[in-house]
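A.B. asks: Can you read through this structure? Questions will come right after.
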Amino acid sequence: MVRELTREVRDKAVEKFKAALSYTKISQDLNISRSTVQSIIRKWKEYSTTVNLPRHGIVHGTTISRALHKSGLHGRVARRKPLLKGAAGGHVRGSTQPSCVRLQTLRFQRVRT
1 MVRELTREVR DKAVEKFKAA LSYTKISQDL NISRSTVQSI IRKWKEYSTT VNLPRHGIVH
61 GTTISRALHK SGLHGRVARR KPLLKGAAGG HVRGSTQPSC VRLQTLRFQR VRT
């Protein structure tokens, strides 16, 4: 978990920035990273404050995806299986495939002998 800086440290960073010190010099003086100083100054320029702003809370229990799941829509898609020609010339589903292959093999052996 990332630790939050105290308000005093953020205020000092803004004061040093107002005194025309560089980000690198501010970060060395306060012993924080340069990118943190940049973030503090960017937030101060945008919102004119160094206070922690309120963030989003937890996700509500009834999200769109949860409502769809409850109604039986899961977004699953059936796998496409290749259809084989059966003995009658029609299409045969994947579950009957092994028996059709055996029939075709037997017919082929009878024709050869």
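Residues 1 to 113 (UniProt numbering) are what the sequence shown spells out, left to right. We put the CB at the ideal spot given by N, CA and C, even for glycine. None of the values given here were measured: they were computed from a predicted structure.
Assuming I40 is part of the alpha helix (DSSP H), what are its boundary residues?
C.D. replies: Position 40 of the sequence shown, counting from 1, holds the residue named residue 40. Per DSSP, I40 belongs to the alpha helix (DSSP H) from R34 to Y47.
A.B. asks: Please look up how many angstroms separate the CB atoms of I40 and T50, rounded, as I've assumed it's under 8 angstroms.
C.D. replies: The residue given as residue 40 occupies position 40 in the sequence shown. The residue given as residue 50 occupies position 50 in the sequence shown. That pair is a contact at about 7 angstroms.
A.B. asks: Would you tell me roughly how many angstroms separate the C-alpha atoms of G75 and P82, rounded to the nearest one?
C.D. replies: Stepping through the sequence shown from its first residue, residue 75 is reached at position 75. Stepping through the sequence shown from its first residue, residue 82 is reached at position 82. About 22 angstroms.
A.B. asks: Along the chain, where does the alpha helix (DSSP H) containing E8 start, and where does it finish?
C.D. replies: Residue numbering aside, residue 8 sits at position 8 when the sequence shown is read from its first letter. Run containing E8: R7 to K18, per the alpha helix (DSSP H) assignment.
A.B. asks: Is S65 helix, strand or coil when you go by DSSP?
C.D. replies: Here residue 65 refers to the residue found at position 65 when the sequence shown is read from its first residue. Residue state, collapsed to three classes: helix.
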